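Take a look at the structure below.
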Amino acid sequence: MSKETEKQRWQRNFADLLQELRVAQTGVQILFAFLLTLPFSNGFGSTSPFQRDVYIVALLAAAGATAMIISPVAFHRALFRQGRKPELVRFAHLMASGGLALMLIAMVSSVLLITDFVLARPIAFLLSAVTGLWFLTFWLILPFSRRNWGDDDIDDDEDPSGLANT
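Here the sequence shown is numbered in our numbering, starting from 586 and rising by one per residue.
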């Protein structure tokens, strides 16, 4: 089996990143669409000022996440056929990471909004904190604690972007 060239590696990294973004993009777009329609529902008028503030945080975080997660497509269009795949992969990696951070804020804020509407505020804060920890566990703690799994088994050249094995 032959080793992949640097160009092939960047191409693979970009393809892998795009596949990951497709999954995140669908989730954030559904959340964003839900949040966009919420003010037009019958019960929204009975929300408290706190709940409206939480709604604005969730809405703006979902909008920001949507923009960041979709931005690699626009960046790709601007750099198409310019041979700048490494730059594109690095940018897409940063946008995906930032988009996931904003998506976390949007998800936890949405949980807080809804639980505060139907439950007592202390319980809403507790459930939102648990939700945030749950997301952080699966999106940050577990992936980073397992980052070096199998390093002894893989003889791969060092990748300056840190994305070679992603």
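We put the CB at the ideal spot given by N, CA and C, even for glycine.
Note that the structure is a prediction, hence the values are computed from the model and not measured.
- Counting C-beta atoms within 10 angstroms of its own C-beta, Asp601 has fewer than 16 neighbours from the protein chains shown and is therefore classed as exposed.
- Residues Gln636, Ala709 of the same chain have their beta carbon placed closer than 6 Å to that of Asp701, with the five preceding and five following residues left out of the count.
- Contact check between the stretch 658–668 and the stretch 681–693: fewer than three CB pairs, one atom from each, fall below 8 Å, which does not count as touching.
- A direct Cα-Cα distance of roughly 42 Å separates Phe617 from Lys588.
- Straight through space, the alpha carbons of Leu727 and Trp734 are spaced by roughly 11 Å.
- Taking every protein chain shown into account, the CB of Ile615 has fewer than 16 other CB atoms within 10 angstroms, so this residue is exposed.
- CA-CA distance, Lys592 to Asn627, rounds to 54 Å.
- Ala691 is a Cβ neighbour of Ala643, given a cutoff of 8 Å.
- In the same chain as Phe629, and ignoring 5 residues on each side of it, the C-beta atoms closer than 7 Å to its own belong to Leu623, in chain order.
- In summary, Thr722 is exposed, with fewer than 16 beta-carbon neighbours lying within 10 Å of its beta-carbon over all protein chains present.
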